[in-house]
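Read through the structure below, which is laid out as structure tokens, and then see the notes.
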Amino acid sequence: TSTLDNDMMIALAASAAAVENLQPNGTVWAVNRRRLRQLRRLAPSAKVIGGTEAEPYEFPFNAALLVTSLIPSGSTPNVKNAQDCGASLLDPTDLHQGNNQVLWALTAGHCCKKRSTPDEWSLLVHGHNLRRTGAHPCTEIIPVAETIRHPDYDNRLTKHDVCLLKMSREPTCGQQLKNDGLLMTLGEEMPKAGFVGTLTGWGTTTVSENKYPNALQEVSLKLKKQRFCKKKAGQGDMLISRA
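Here my numbering is used: position 113 in the sequence shown is 113, and no number is missing along the way.
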């Protein structure tokens, strides 16, 4: 699956593009290259059409990318108006970063492009309802300390549309999520056409207008072949039909 404005990334599928040999602090991230080549074929989607509200905290790897300046004051703010993109917390096992801390998330390159410095972003982790961020002890807002956009990102072609986000600290429940296998991994094989996956997000729920939900949505979708998508869509690289 993939992400665009106000949309979330994956469940059982993949991100909008790929991270290959990006080097945070000089450390090469060696991720399954074959899988990443496949992930590059997925294009963004800004909608969660026909979905239903997800079970609260069923997809704890989901994170909401927030514009820091738009976050209201208070310990449990309503962040709906601050939410701009989606992200997924990454399992550090796949990232040769020298430690097992949960510090990185994956989002779209075009999201990072909107702001010039990392401190303009924050991440809502382990969230569900954007208006009620104090409903779970693991829900928190963490400043972004570093952003790394793919060096070959092309906004015109939506290629390599990927960006890494480094949090300023590990989430309170980060190790618990890692140990329970509830973080996004990059080492699995890409599903084939016909695979029914789950897309999750806070993206618009209607075709005709931008109507964004308060709570995380989910919908089952079937992956289609590349040639089918290009024939039907006329542009972009990926189209996902209803299951």
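All residues carry an ideal CB built from backbone N, CA and C; glycine is no exception.
Bear in mind that the values here come from a model prediction, so they are computed numbers and not experimental data.
Delimiting residues of the alpha helix (DSSP H) encompassing residue i
| i | result |
| --- | --- |
| residue 62 | Counting along the chain, residue 62 falls outside any alpha helix (DSSP H), though it belongs to the beta strand (DSSP E) covering 62 to 67. |
| residue 86 | No alpha helix (DSSP H) contains residue 86, which is instead part of the beta strand (DSSP E) from 83 to 89. |
For residue j and residue i, believed in contact at Cβ under 8 Å, the rounded distance
| i | j | result |
| --- | --- | --- |
| residue 62 | residue 129 | So it is not a contact: roughly 12 Å between Cβ atoms. |
| residue 144 | residue 89 | Not a contact, Cβ separation roughly 13 Å. |
| residue 165 | residue 108 | Actually they do not touch by this definition, with Cβ atoms about 11 Å apart. |
| residue 101 | residue 170 | 5 Å |
| residue 114 | residue 84 | 7 Å |
| residue 185 | residue 119 | Rounded, the Cβ-Cβ distance is 28 Å, inconsistent with contact. |
| residue 163 | residue 141 | Not really, about 19 Å apart at Cβ, beyond 8 Å. |
| residue 167 | residue 105 | 7 Å |
| residue 202 | residue 182 | Between residue 182 and residue 202 the Cβ distance is about 19 Å, and since that is not below 8 Å, they are no contact. |
| residue 134 | residue 64 | That pair is no contact at about 15 Å. |
| residue 223 | residue 191 | 6 Å |
Reduced DSSP category for residue i - H, G, I as helix; E, B as strand; rest coil
| i | result |
| --- | --- |
| residue 179 | helix |
| residue 10 | Residue placement at residue 10 is flagged as unreliable, the pLDDT there being 32, under the threshold of 50; the coordinate-derived value follows with that caveat. Coil. |
| residue 107 | strand |
| residue 152 | coil |
| residue 55 | coil |
| residue 124 | strand |
Boundaries (first-last residue) of the beta strand (DSSP E) holding residue i
| i | result |
| --- | --- |
| residue 98 | Counting along the chain, residue 98 falls outside any beta strand (DSSP E), and DSSP gives it neither H nor E. |
| residue 280 | The structure shown does not extend to residue 280, since the chain is modelled only from 1 to 243, so the question has no answer here. |
| residue 79 | Where residue 79 is concerned, there is no enclosing beta strand (DSSP E), given that its DSSP letter is neither H nor E. |
Buried versus exposed call for residue i [16 or more other C-beta atoms within 10 Å across all chains shown]
| i | result |
| --- | --- |
| residue 69 | exposed |
| residue 157 | exposed |
| residue 116 | exposed |
| residue 178 | buried |
| residue 74 | exposed |
| residue 218 | buried |
| residue 193 | exposed |
| residue 122 | buried |
| residue 80 | buried |
| residue 55 | exposed |
| residue 91 | buried |
| residue 228 | exposed |
| residue 60 | buried |
| residue 206 | exposed |
| residue 72 | exposed |
| residue 204 | buried |
| residue 151 | exposed |
| residue 137 | exposed |
| residue 200 | buried |
Interface flag, residue i vs chain B, CB-CB below 9 Å
| i | result |
| --- | --- |
| residue 217 | No chain B is present in this structure, which holds just one protein chain. |
Ordered list of alpha helix (DSSP H) runs contained in the segment 157 to 236, each at least 4 residues: Listed in chain order, they are 174 to 179, 226 to 233.
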